[in-house]
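Asker: Take any residue in the sequence shown, note its place counting from 1, add 2, and you have its number in the numbering used here. We put the beta carbon where it would ideally sit given N, CA and C, even for glycine. Starting off with a structure, shown below.
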Amino acid sequence: MRFKVFISSVQREFAAERQMLAEYVRKDALLGKFFDVFLFEEEPACDVEARDLYLPEVEKSDIYLGILGAQFGNVDADGISPTEREYDLATIKGKERLVFVKKCERDPLEERFVQKVQSDVVRKSFETAEELHLAVYAALVRVLETKGYIRVAPFDLAVDTNLTLADVDDAKVRDYLARAREAKKISVPKDADAAWLLTKLGMIVLDGRLTNAGVLFFAKHPQQAIDISVVKCLQYWGTHVERPIPSYQTYEDGVIGMIESALAFVMGRIDRTIGIPDERGLAAAQDELPRMAVREAIVNAVCHRDYESNGAVQVMLFRDRLEIMNPGTLPRGWTAETLLTTHESIARNKVIAKALDWAGYVERSGHGTEFIIERCEAQGLATPQYKPDSAIFHTIIWRKTETVHQVGGVRDKSGTSQGQVVGTSQGQDMSLFERITSILADQVLSSGDITAALGKEYYSGHLRRIIKMLLSDGIIEYTIPEKPRSRLQKYRLTEKGRQMLTQKGTHK
Numbered sequence: 003m004r005f006k007v008f009i010s011s012v013q014r015e016f017a018a019e020r021q022m023l024a025e026y027v028r029k030d031a032l033l034g035k036f037f038d039v040f041l042f043e044e045e046p047a048c049d050v051e052a053r054d055l056y057l058p059e060v061e062k063s064d065i066y067l068g069i070l071g072a073q074f075g076n077v078d079a080d081g082i083s084p085t086e087r088e089y090d091l092a093t094i095k096g097k098e099r100l101v102f103v104k105k106c107e108r109d110p111l112e113e114r115f116v117q118k119v120q121s122d123v124v125r126k127s128f129e130t131a132e133e134l135h136l137a138v139y140a141a142l143v144r145v146l147e148t149k150g151y152i153r154v155a156p157f158d159l160a161v162d163t164n165l166t167l168a169d170v171d172d173a174k175v176r177d178y179l180a181r182a183r184e185a186k187k188i189s190v191p192k193d194a195d196a197a198w199l200l201t202k203l204g205m206i207v208l209d210g211r212l213t214n215a216g217v218l219f220f221a222k223h224p225q226q227a228i229d230i231s232v233v234k235c236l237q238y239w240g241t242h243v244e245r246p247i248p249s250y251q252t253y254e255d256g257v258i259g260m261i262e263s264a265l266a267f268v269m270g271r272i273d274r275t276i277g278i279p280d281e282r283g284l285a286a287a288q289d290e291l292p293r294m295a296v297r298e299a300i301v302n303a304v305c306h307r308d309y310e311s312n313g314a315v316q317v318m319l320f321r322d323r324l325e326i327m328n329p330g331t332l333p334r335g336w337t338a339e340t341l342l343t344t345h346e347s348i349a350r351n352k353v354i355a356k357a358l359d360w361a362g363y364v365e366r367s368g369h370g371t372e373f374i375i376e377r378c379e380a381q382g383l384a385t386p387q388y389k390p391d392s393a394i395f396h397t398i399i400w401r402k403t404e405t406v407h408q409v410g411g412v413r414d415k416s417g418t419s420q421g422q423v424v425g426t427s428q429g430q431d432m433s434l435f436e437r438i439t440s441i442l443a444d445q446v447l448s449s450g451d452i453t454a455a456l457g458k459e460y461y462s463g464h465l466r467r468i469i470k471m472l473l474s475d476g477i478i479e480y481t482i483p484e485k486p487r488s489r490l491q492k493y494r495l496t497e498k499g500r501q502m503l504t505q506k507g508t509h510k
C-alpha cells in the first residue's frame, strides 16, 4: 500500500521547502516505500484552470500536508486562497491532515486561516527548514505507525517510557543550552527552559512524555530507562585484546556526558608533545592523536549506533591504534569506500543527530568520516580505516608506528630538556603509564620520587593526572589510603599492576 501526499502552501513563499520535502520523502529508505508526493509545480503546463487541476489531486490524495507561513496567497472571487480551498476539500473528504505553521508575522487573512486550522487539527510549529524537515518526518512515521504498517517509530522518535518533564535533569538542560548558544546553530531565547528545548528538538509528545531521544539526552537517570545506552572504554598495553585489562570504564550518563567522558578517557591516556617555546616562553602542545578527530569518531559511534541492539559502544585504546565499535551497519548500498569521500548525510537516528548538531558536535554534515581522515593525515598519521560488517561498525585511528615521548624547548613545563627522547621503537617503548608502573615494580615511592625517577624537575599537572588514573584503574595504590593528602603518602603497585608487568614482560 502506498499513500499519496498532497503538499499545500503558498508556492512562492515555500518553493525551496516544498522541493526539499518532496525529494526527502522520495529518497528516504523508510518513507520512500510508503509515500508518493504531489507537487503542483511539477505538473506539465496545460490549458486547464489551476483550480481544476489541484483540487482533483487533493481528492485523489490520502494525506493533506499543509505549510502555513506569512502569506495568504492570491484569492478568488470569494476571498479564499488555493491553500485554504485545498484544506477545506481535504476536510470535507475526510483526508488525514498534517499542518505545519511557521513562527512569523502574518498577513491578517493568513492569521485567520491559521486560527481556523488550529481549531480543527493539532498543528506543529517550526522556524527553520530543518525543523520542518524533522517535524514532517516524525508526522509521517506516526501515520505509518497508527495505520499498522510499522510496529514502532524509529528508536529516537519512539516513546518507550513514561518519563515526563518532571524527570528531566535541569543541569543537563542548562549545559545543552550553553553549548547551543556557543554553537549558534539555532537561536536560543534568554528564557529558554526544558519545555522549550524539548519541544524545539521534537523530544516530547502531546501527552507530555519524553521520546527516547529526550530520555537519552536529558533524563536524570537515562540508563534506568534505556539500559543499553552506555559507552565502554578499555585500554590495552598490547595490540590485541588480552587480560587483565589495565583500564576499563563503563560510562552511564546523558548522550553528551558519555561523549565527553569517552573523549577524556582517550586523551588522558595518549602522549602529548610540547613544542619549542616562542619569544614569550609559550610552547604549543600537540596530542598524539588529533582531539577533534577522536571526538568526531566517538560522536559518530554514539549518534549512529543501532539502539535496537543490545550491544554497547566500545572505545578501545591499543598500543598501535584507537578502535571504536558501535552496533549497526551502513545504509543500504554503502561501502567503506563511500565514507572516504564527501557523501550524503543519512542519519540512522535523525533526532539524536540533529540534537548533537545544534550543540556543536557535528563538524560538517556528510563530511565527518572525511574530517577524521583529514585531521589524522595532517598530523602525519596513517589513514584511518572504516570496517563495517553485518552487525558492527569499526572505526580505526592509527597511532604512530614509532612512538616516542619527546618534549621540545629549552625546558618544557615538566622540566625535560629539548629533544630528550624516552622510549624506543614500537613494541619496546613505554608510555608514561607503563614507565610509572615499571618504576614502582621494586620500590615504594612518593610523588617527588616518581618525578625524579622520570627525569623531571617538578610534579606537573599532567603527571598528577596520570597517577590519578593509575589509582582509579587499580594499578597502583596509596600506602596511606585513609589519608590521601598526607605528606608521607607514597605509591606502590597493586596485584593487578604486577600482573600487568608480568604479562608484558616489562619487569623480569
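For TRP336, which three-state DSSP category applies?
Answerer: Within the sequence shown, the letter at position 334 stands for residue 336. In the structure shown, TRP336 sits in coil (DSSP, three-state: anything other than H, G, I, E or B).
Asker: Terminal residues of the continuous beta strand (DSSP E) containing ASP158?
Answerer: What you label residue 158 is simply residue 156 of the sequence shown in a count that begins at 1. Premise fails: ASP158 is in no beta strand (DSSP E) and is neither H nor E.
Asker: Relative to the C-alpha of GLY387, which residue among ALA227, ALA338, GLY450 and SER11 is closest?
Answerer: Numbered from 1 along the sequence shown, position 385 holds the residue referred to as residue 387. In the sequence under discussion, the amino acid at residue 387 is Gln, which differs from the Gly named in the question. Closest by alpha carbon: ALA338.
Asker: Could you tell me which residues DSSP pairs with ILE65 in its beta bridges?
Answerer: Along the sequence shown, one-based indexing puts residue 65 at 63. Beta-bridge pairing links ILE65 to VAL7 and GLU98.
Asker: Compare the beta carbon distance of ARG125 and LEU165 with 8 angstroms and say whether it is the shorter of the two.
Answerer: Within the sequence shown, residue 125 is the residue found at index 123, counting from 1. Within the sequence shown, residue 165 is the residue found at index 163, counting from 1. In this structure, LEU165 does not lie closer than 8 angstroms to ARG125 by Cβ.
Asker: In angstroms, rounded to a whole number, what distance separates the CA positions of GLY499 and SER127?
Answerer: As a working note, residue 499 is residue 497 in the sequence shown. As a working note, residue 127 is residue 125 in the sequence shown. One C-alpha to the other measures close to 58 angstroms.
Asker: Beta-carbon separation of VAL232 and GLU262 under 8 angstroms?
Answerer: On the sequence shown, residue 232 is found 230 positions in, with the first residue counted as 1. On the sequence shown, residue 262 is found 260 positions in, with the first residue counted as 1. Their beta carbons are not under 8 angstroms apart, which means VAL232 does not touch GLU262 by this criterion.
Asker: What first and last residue would you give for the beta strand (DSSP E) that runs through TRP400?
Answerer: Taking the sequence shown and counting its residues from 1, one reaches residue 400 at position 398. From DSSP, the beta strand (DSSP E) with TRP400 extends over 394-400.
Asker: Taking the alpha-carbon positions, what's the VAL161 to LEU465 distance?
Answerer: On the sequence shown, position 159 is the one that residue 161 refers to. On the sequence shown, position 463 is the one that residue 465 refers to. C-alpha separation (whole angstroms): 46 angstroms.
Asker: Going along the chain, which residues of its own chain have a beta-carbon closer than 7 angstroms to the beta-carbon of HIS509, five neighbours each way excluded?
Answerer: If you number the sequence shown from 1, residue 509 lands on position 507. Its pLDDT being 42, under 50, HIS509 is placed unreliably in this model, and the value from its coordinates should be taken loosely. Closer than 7 angstroms at Cβ, skipping near neighbours: SER440, ALA443 and LEU503.
Asker: With DSSP as the reference, identify every bridge partner of PHE128, one or two as the case may be.
Answerer: Along the sequence shown, one-based indexing puts residue 128 at 126. Answer is LYS104, bridged to PHE128.
Asker: In terms of residue numbering, what span does the alpha helix (DSSP H) encompassing TYR26 cover?
Answerer: On the sequence shown, residue 26 is found 24 positions in, with the first residue counted as 1. Counting along the chain, the alpha helix (DSSP H) containing TYR26 begins and ends at 17-29.
Asker: Taking buried to mean at least 16 other C-beta atoms within 10 Å of its own C-beta, is MET205 buried or exposed?
Answerer: Walking along the sequence shown from the start, residue 205 turns up at place 203. Burial call: buried.
Asker: Alpha carbon to alpha carbon, what distance is there between TYR66 and VAL60?
Answerer: Taking the first residue of the sequence shown as 1, we reach residue 60 at position 58. Taking the first residue of the sequence shown as 1, we reach residue 66 at position 64. The alpha-carbon atoms of VAL60 and TYR66 are separated by roughly 7 angstroms.
Asker: Please determine if the segment 137-148 and the segment 27-39 are in contact, where contact requires at least 3 C-beta pairs separated by less than 8 angstroms.
Answerer: Segments in contact, yes.
Asker: Ignoring anything shorter than 4 residues or poking outside the segment 249-302, list the alpha helix (DSSP H) runs there in chain order.
Answerer: If we require 4 residues or more, the alpha helix (DSSP H) runs fully inside the segment 249-302 come out as 257-269.
Asker: If you follow the beta strand (DSSP E) that GLN387 is part of, which residue opens it and which one closes it?
Answerer: By 1-based counting over the sequence shown, the position of residue 387 is 385. That run of the beta strand (DSSP E) goes 387-390.
Asker: Helix, strand or coil for THR405 per DSSP?
Answerer: Start at 1 with the first residue of the sequence shown, and residue 405 comes out as number 403. Annotation note: pLDDT 46 at THR405 (below 50); position unreliable, coordinate value reported separately. Correct three-state label for THR405: coil.
Asker: Kindly list the residues whose CB is nearer than 8 angstroms to the CB of LEU57, restricted to its own chain and excluding five residues on each side of it in sequence; keep chain order.
Answerer: If you number the sequence shown from 1, residue 57 lands on position 55. These residues qualify, in order along the chain: ARG87, GLU88 and LEU91.
Asker: Roughly how many whole angstroms lie between the Cα atoms of GLY421 and VAL175?
Answerer: Here residue 421 is taken as the residue at index 419 of the sequence shown, counted from 1. Here residue 175 is taken as the residue at index 173 of the sequence shown, counted from 1. With a pLDDT of only 32 at GLY421, under the threshold of 50, the placement of this residue in the model should not be trusted, and no figure is reported.
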